[in-house]
Each structure stands twice: as structure tokens, then as C-alpha cells.
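Novice:
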Amino acid sequence: MLTFGKNNNRCMNLQFSIEYKTYYGQELVLNILNCKELGDKSVCQYRMHTQDGFLWTVEINKEVKPGTELDYYYSVYVGDNEERRGWSMAPHRVAFNSTNARNYKIFDHWREIPDNAYLYTSAITNCVVNAKIESLKLEKYGRYVCLKVRAPQLVAGDQLYLIGSDPIMGAWKEKNALKMTEVATNEWAVSLDVSRLADNKLEFKFIIVNPDKEYSPMWENCMNRTIELPKMEDGDAIIYELDEARFTLAPVRVAGTLVPLFSLRSNDSFGVGDFGDLKKMVDWVSMTHQKVLQILPINDTTTTHTWTDSYPYSCISIFALHPQYVDLNSLPALKDKEQKARFEKERRELNALPQMDYERVNNAKNEYLKLIFKQEGEKALDSKEFKKFFAENESWLVPYAQYCSLREKYGTANFNQWADHKQWNEEDRKDLSTPKKEAYKEVELYYYIQFILSSQLKAVHEYATSKSVIFKGDIPIGVNRNGCDVWTEPRYFNLNGQAGAPPDDFSVNGQNWGFPTYNWDAMIADDCRWWIRRFQNMANYFDAYRIDHVLGFFRIWEIPVHAVHGLLGQFAPSLGMTREEIEGYGLHWQEELFTEPFITDWVLARIFREHADEVRERYLERTWGDRYKMKAEYDTQRKVEAAFHGMETEKDIWIRDGLYALISDVLFVRDHKDPNKFHPRISVQMDFIYESLYDCDKQVFNTLYNDYFYRRNNQYWYQEAMKKLPRLVNATRMLVCAEDLGMVPDCVDWVMKELRILSLEIQAMPKDPKVRFGYLGANPYGSVSTISTHDMATLRQWWDEDWERAQDYYNSMLHQGGPAPHPMPGWLAKDIVDRHLTSPSMLCILGIQDWMSIDERLRLADADAERVNIPANPKHYWRYRMHVSIEQLMKNKDFNNTISDLIVSSGR
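Here UniProt numbering is used: the first residue of the sequence shown is 1, the next is one more, and so on.
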């Protein structure tokens, strides 16, 4: 990168020029990255000038050392506000590669996020293409021209050449073409000595050379390019940034596997998949011609030390890794032979279990880590590697370690119950960071554990890259409300609400995740620093990631803290409706009827039947006529939940769930912030208050309901997402994928296409409401195709859940006649897998269970035992493990050859 300063040894005149049409009040700004000229600022800005509102220029006179490189981007300002920014993830780069040039003229193009932005990500360039970025050779030309062009279509082994009419460019002879250098991501450059040019008019093209490819050499599919050079003096240099190279090559399409890390099984694991197992899984992925290994979140979730912590989407820290994933085999052996033998016996027992025993695994691993820290910790913490890790991660590591120490001290993660330190105190940092202090001694174990985990995971990432495998992570939308992030930076969270999801195919009552919602106003005021740090930390370990519930960046389903189910939620932010707006649709406003639980004798009879009198007497009080309201001690779902705690008989559950239903039976939900605005209650058409309406009022309400949920907020939510997602997407070069399932407004598609975020395409959950099953051939290239997710039934389960639906799919999608076979035979699963692989989607990632479904000898006999999660159950135990070891998988030649053949024949 370019550094300006007194020690640089040549004064240069740099003139930047770019064509960009502006309107009155707009001006262009040149942003130079990593510039030390203005103190600690990472960006130096230079206002540009124009005569016609189209050609913008700026001149900079600085001392620049020959051989340095400069990265920069352009932006549009109106006054002091940045209105628009060029693509900064892959910025412009210019090299000062002449020892004699003093005057540089740089002609650029404005860069939008290109349609093929996926090809600029580290997932493709580092893993699939294995690009090698180099610097241009330092030349002694008195005057020279540098031609730069972007060629993202190139694959591994491809080399770009310049060929043209001038003898210096080969005189159109392929064997004499000029070899170019990849100087930046997908950007190639070559320097020409102007004194050797036969003419000042350049006519040329670019060609690809790759001796291992049939298409080599491949010429650009376009007319000859031409440039007429201006008169140049000694010491002049001109740099032209040209339009992207035009080659007709098939787009990159790859296949991969999704498996939760805790589900991996190897001969060496300790009852749970670990970072050592990941390397073995990378080997299997690579061996079968796959290119992606995707896992679920691996952040620390420890709050209770019980199996309820097995939920991987409830992290206590967005940075800290879960100690259960440590590979004990890569640590020094315990010197105590008895302890060593005891742990080996425990390891064998745990590893033989069909499912993960979360509590035994974590208790054993935590004990082992304490012993190994006692044995090796002092040496490790004194190492250069640890000191580097600590310096890079101190901002989050120190409060995390203190949080863990206090959680153990007080026996609870609920910091509101701690006697002191109910919030992180920045003044504690110094003592916690000083090895000689007592406070440091109390938390150093947690420093050590995170150092080990981070080192091991980085090694996995490096190994995957060396094997040309894209390692893909998962970023949960929420955090635990009792976690370290909330304790450390509470201003970023709304603790008076709960995040969840509206009703869907997974859960008719909606999902209540219990996470606090985000205070986006505070986050945006900080330029989304919290999120940017989170994404950049992920880039240390992954080259691609999945954004869990991307809809949360548009609006989150916010549920009151007094609710158990998700039905009483509302989208936040969203535009609530006034009484006048509601009446404008033709629905006469009746506030009590519409906003209080609708409880009548006929409703009680329908829900509780023979228990109606008991419910009426114990939980309700009459208001007028046959109308009732909940008694004060039972008027929220949380109060009902508390009243029925520990009561698990069939009758108790019936009454409890019935009371939940009564409380949520309202036509409108009052806005959480403005009591004079209202939101139609989600899915209320299935409830009694809706049933009680006149048919004409039902029709009016349905019109209002559809307008509200599918049209009213579209532009508003688009604007909300664009305040956040562009900053996050451009924070790293990771490939961005998103889980965009559920109640998806139109604006989600607008934003994802604009930012080149890969969508998730599931044939059984089509985004087109007019079809029952999606057409795989219609999948957009910018998407991830899969059969099922961790929240869904596996392919084999799905097939047997609904025989009528399976029959329809068998006939209409697979074009098979006769009755659909049950249970699903291997040949049929193979056919479905094959069809997904041949879809246009850039990525086709299948769960390990769906891969194994094609082999009846390999797959688990009980399909139901393959389920990872049941979203309708908030207390689900996440414990699925592969029933075969990775070593066994590697030796299964027939299965592996089948997968390889399917992938190769699909063109992936």
C-alpha cells in the first residue's frame, strides 16, 4: 500500500481522471486507503474538480517511493454527506513501477458492484482459482504505458496475455504475446516501453493461455481494442484502466457438504466433532470433487453447563469459540499417566455413543483443558504466538474472560443476579491485561483456551485453502440475552423484546428465540462497527459465510417479553397503522374488541371442551354477557407458563396451551413504541376473533392484512437494509450467502441482487407462491441450491411425511409414473441429488444425510434419527452425530465414486 512521508525518495505528480455524470451539487472524491498522511486515519480524501460535470480530475504532488502500490476508490458527495460509493471491496490499484517516471496520469472507470462480484471473493480467488497476486516488475522506462484489465472469468492455471498489432505486443502472433501480471484480485497489468512502440495508436486484445485446457489459447470475444496515446515526454507514465475482458467461459459452479461440526465422528474424536475432525472432513470433500465444506455456528454458547447450551445459534460471544470443539489430540499429552488413561477411557465411551452427550463431553473437555493449562499454560502464554493473538483480540477477549470467570463465580450467566460487575467496566481492562496482576491470574485460563481454539481453527482454514476447499461458516442473527456481548455493550440491544420468526411451515405459533432485538439506531450511529468487527473476525477462519435469517436486517419479528409464542409479535421497525387508516379500508374501529383477547363461552367450549367450566372458574373473570377476560395473575403467556411450571400431564398441557391461545386471540397488536398505532396480528385468520367477524368485514380485513404485510413496508424495509448490509458485505472478501426463507417481502430480492448476496433455493419451499415445487432450472446463478437445511426434515424424512405431496413431486417433478415408492429407495434419492447438482446455482450444498441417502448400504436405517433440529421445539437437544466415522467414509470407494461421478457429470 502507498505510504506518504518524509522517508520516500521521489516527488511525483499524480493526476487521477474519471468520467462520471453528476448533477448540480454533487462532487467526486478520491479515497486513498491506508494512508498515514493524516495521522491514524485509514482513508485520505481528495476533492476532485470538473469543468463539465462529466470529466473529473484531481492532482496530487507527493513523495512516493518507486515500487509502491496504491489502493483507492471513488465516491459521490453532496456537501459533507457521502451519497454513493464505488465498489470498495475490490478497490482500484495502481503500481508506481518505474524508477524514472515522475508524472503519472491515471484514467479510471467508476466501479459498481459487478454482476460477477462473486468471482472476486476469497472463496473463488483463494480456494477455487488459487490466484497468486504479484507486483509489477520495477522498470527503467523513460516513458511508459500501463494497461490494466479485469478478467474474473479465469480459472486455475489460466494466464492472461496481451496481443496486438505492434511488434512489442506480438504483432498478432500468439507465441509472441506479452505475458501479464495479476496485480490485484482478478486484475491483470502489463507495462509498455513507449520508446519502442512503432505507432502512438495501440490496437490489441487479450487472450487466455492454459496448456491444460482445450480452449487455449482463447481470444477475447469482442472487436479489437484501440487507444491513441497523447504526446509523452521523458518521465511521463500513463495508466489506463480498461473495460473488463470479454471471454465466453462457463460460470463457476461447485458442490459441497453441510454438516454441523458437533455431528462429525472420527476414530480420534472425544464424543463430539472437533477442529481435528474438520481437517479429515476437508480430505473427504476434496477427494469426492467437492469444493465447499459448510458448518453451523461454532461460537461459545455456555450459560448453564447443561444440554440446553447445545443450541448453536444462542452464542454468548460473537468472537469466542466453543471449548467443546478443541482438538485434544493436537495438544501436548498429559504427563500424569493415570489421568491420561482415565481420559482415554472416557473418550472411547463417549465416542461410541450414537448421539452426542453434551454435558459429559463438555465436563470432560473442560477438566482436560484445566489440567493441560496447569501443565503447559505458563509456557504458552509467554510465547510470541500468544502475545500476537492477545494484541489482535484484546478488545473482546478481556471482557469475555472476565464474564466467564464471573459466570463461574456466581453460578449463573444472568449478570443481573451478580453481586457486582453487572456491566462490563472498561477500567478493569488494565489489570485484566497485566500478567502480574491478580485479576489476570483469575482469567488467564480463558485466554489460553481461546488462543488454542483460534490457532486450531486457523489451521483448518489454511488446510482447506491448500486443498482448494471453500470453508463456509454461519453467522447467527441473534445473541443470548445473558451473554457477554449484551453485558459488554448493552447500548446495542433492546432487552424489552424478544427476537423470533412469524408462523411458517416449521411452527404454526411462530418461533420465539428469546434473543434481544438490536438497537439499530445506536449501531448505525457507530457505523455498524459491532457488525463489521464480527464479519472481519469471521474472515480469519472462513472464505464464505451464511447470514442466518437475513430478513432480520430488513426487519425483525419482535415479540413482547411477556409472550411465549410468536403470534403477538410485530415487525420492527415497521409502519404501524392509525385508527383512521384502518377505518379508511372500511373496517369500523372497535379498540377493545380488536385489541383485547376474544374470550366467549363458545370459544371456551371449542378449545377446552369438558374442561371449559374449570378454566372459566379458575383463570377467567366475566366482563359482560358471555365475554370474559383473563384474571390478572394469568393475563400474559409468561404468567401462564410460570403457573404451569413442572405440570406435564396431558390435561395440564392442554389447558396451558389453550390459555396461550386465548391470550393471543386478538385482531390487532398495539405498536410496541407508539400506543396509537396498530399492526394486524399475524395469522389471525386461523383464530376465533376473525371467525366472529361478518363476511364483509373479513374481506376488508384481508385486503388490509395483505397490503400491510406485503406492500406497505417494502420501500421502508429496503431503505433500512441498505443502511446496514452494504457496509457489512463490503467489510470482507468472503462470499456472502443468506438464508432468505419465510415471510419474504419483495424488497429482500432487490437488496440481495443489488449487493450480489447468494439466495437460498429449496425446491420444496419455492419463492413463487403460485407453484408447489420450484423448478431447479429456474434457480438464479447467484444462489445456493439445497434439498434441506438443519431446520428441516432430511430428504428421506420429507418423502415419508406427506405421501400425497411426495406423489405429486414424483409425478410432476421427476416425471415418473405409478405410485411413489416408500420408504425412499437409494436410486430415487440419487436422481433427486443429480437434478440439484445440474441446477444453474453457483453452489449446490447438500447435508451429509442427504448425500448418504443415495446409498442404502451406508445410510442410517432410522431416517428420523438423522434430524438435526426441530424449530417448533425451543428446547430441542442438538446432538445428531454421523453414524459412520470419517475414516469409514473415506474407505467407501463405491459411495465416493458415485458422488464424484455425479459432480463431474453435472459440470461442477
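Don't be surprised by glycine CBs; every beta carbon is placed ideally from N, CA and C.
If we ignore side chains and look at the alpha-carbon of each, how far apart do Ala522 and Lys724 end up?
Specialist: Whole-angstrom Cα-Cα distance: 12 Å.
Novice: To the nearest angstrom, how far is the alpha carbon of Asp901 from that of Leu846?
Specialist: C-alpha separation (whole angstroms): 16 Å.
Novice: If you run the structure through DSSP and keep just helix, strand and coil, what is His611?
Specialist: Reduced to three states, the DSSP call for His611 is helix.
Novice: Given Trp174, which residues of its chain have a CB within under 6 Å of its CB, disregarding the five upstream and five downstream residues?
Specialist: According to the sequence shown, residue 174 is Glu rather than Trp. If we look at Glu174 and ignore the five residues flanking it on each side, its Cβ neighbours are Pro217.
Novice: How is Trp307 classed by DSSP in three states: helix, strand or coil?
Specialist: Residue state, collapsed to three classes: helix.
Novice: Distance, Cα to Cα, Phe204 vs Ala250?
Specialist: Near 24 Å, if we compare the C-alpha coordinates of Ala250 and Phe204.
Novice: Identify, in the order they occur along the chain, each residue of the same chain with its Cβ nearer than 6 Å to the Cβ of Ile663, setting aside the five sequence neighbours on each side.
Specialist: Around Ile663: Pro597 and Gln637.
Novice: By the DSSP assignment, the alpha helix (DSSP H) with Cys488 in it spans what residues?
Specialist: A quick correction: the sequence has Thr, not Cys, at residue 488. Residues Cys484 to Thr488.
Novice: Mark Ile653 as exposed unless 16 or more other C-beta atoms lie within 10 angstroms of its C-beta, in which case mark it buried.
Specialist: So Ile653 ends up on the exposed side.
Novice: I'd like to check one pair, Leu814 with Pro821: are the Cβ atoms closer than 8 Å?
Specialist: No. Outside cutoff.
Novice: Quick one, which of Glu617, Val398, Trp284 and Leu321 has its alpha-carbon nearest Ser468's?
Specialist: Measuring from the Cα of Ser468, the nearest candidate turns out to be Trp284.
Novice: Which same chain residues, not among the five before or five after Tyr77, have their C-beta less than 6 Å away from its C-beta?
Specialist: Excluding sequence neighbours, Tyr77 sits near Glu27 and Val29.
Novice: Helix or strand or just coil, what does DSSP make of Lys175?
Specialist: Lys175 falls in the helix class under three-state DSSP.
Novice: Is the segment 212-227 in contact with the segment 263-280, if contact means three or more CB pairs nearer than 8 Å?
Specialist: No: fewer than three Cβ pairs fall under 8 Å.
Novice: Name the DSSP beta bridge partners of Met281, please?
Specialist: In DSSP, Met281 forms no bridge with anything.
Novice: Between which two residues does the alpha helix (DSSP H) carrying Thr595 extend?
Specialist: Start and end: Glu591 to Thr595.
Novice: Mapping DSSP to helix, strand and coil, what is Gln153?
Specialist: Coil at Gln153, not helix or strand.
Novice: Going by Cα to Cα distance, which pick from Asp697, Val748 and Ile239 is closest to Glu720?
Specialist: Checking every option, the nearest Cα to that of Glu720 belongs to Val748.
Novice: If you draw a straight line from the C-alpha of Leu202 to the C-alpha of Gly782, how long is it?
Specialist: For Leu202 and Gly782, the distance between alpha carbons rounds to 37 Å.
Novice: How about the segment 605-613 and the segment 707-719: do they share at least three Cβ pairs that are nearer than 8 Å?
Specialist: Taking 8 Å as the limit for Cβ pairs, the verdict is that the segment 707-719 does not touch the segment 605-613.
Novice: Looking at the structure shown, is Cys696 part of a helix, part of a strand, or coil, going by DSSP?
Specialist: Correct three-state label for Cys696: helix.
Novice: Closest by CA to Ala632, which one among Tyr619, Ile295 and Lys698?
Specialist: Nearest C-alpha to Ala632: Tyr619.
Novice: Please classify Arg638: does DSSP put it in a helix, a strand, or coil?
Specialist: Arg638 falls in the helix class under three-state DSSP.
Novice: With a threshold of 6 Å on Cβ separation, who are the neighbours of His883 within its own chain once the five nearest residues in sequence on each side are excluded?
Specialist: Cβ neighbours of His883 beyond the five flanking positions: Leu860.
Novice: What number of angstroms, rounded off, separates the C-alpha of Val904 from the C-alpha of Leu406?
Specialist: Answer to the nearest angstrom: the Cα atoms are 53 Å apart.
Novice: Could you check how far apart the C-beta atoms of Lys140 and Thr99 are, in whole angstroms? I think they sit under 8 Å.
Specialist: With a Cβ gap of about 5 Å, Lys140 and Thr99 count as contacting.
Novice: Could you round the C-beta distance between Val129 and Leu154 to whole angstroms and report it? I think they count as a contact, below 8 Å.
Specialist: That belief holds up - the Cβ atoms of Val129 and Leu154 are roughly 7 Å apart, short of 8 Å.
Novice: Counting Cβ pairs closer than 8 Å, one from the segment 227-237 and one from the segment 274-289, do we hit at least three?
Specialist: Contact between the segment 227-237 and the segment 274-289 is absent, because fewer than three Cβ pairs lie under 8 Å.
Novice: Using only the alpha-carbon positions, how far apart do Gln375 and Asn31 sit?
Specialist: When rounded, the distance between both Cα atoms is 51 Å.
Novice: Could you spell out where the alpha helix (DSSP H) holding Arg348 opens and where it closes?
Specialist: Arg348 -> alpha helix (DSSP H) spans Lys337 to Ala352.
Novice: So what's Ala189 in DSSP terms, helix, strand or just coil?
Specialist: Strand, per DSSP.
Novice: If I follow the unbroken alpha helix (DSSP H) through Val684, where does it start and stop?
Specialist: Val684 -> no alpha helix (DSSP H), and no H or E assigned at all.
Novice: With distances taken Cα to Cα, identify the nearest neighbour of Ile449 among Asp300, Gln590, Gly510 and Arg555.
Specialist: Here the closest residue by C-alpha is Asp300.
Novice: From this set, Pro152, Ile124, Thr125 and Met169, which residue's C-alpha is nearest Cys146's C-alpha?
Specialist: Nearest option by C-alpha distance: Met169.
Novice: Runs of 4 residues minimum, wholly inside the segment 507-567: which ones carry the alpha helix (DSSP H) assignment?
Specialist: Those alpha helix (DSSP H) runs which fall completely within the segment 507-567 and span 4+ residues are 520-525 and 529-538.
Novice: Indicate whether Leu667 and Phe554 have their beta-carbon atoms separated by less than 8 Å.
Specialist: No, the Cβ-Cβ distance between Leu667 and Phe554 is not below 8 Å.
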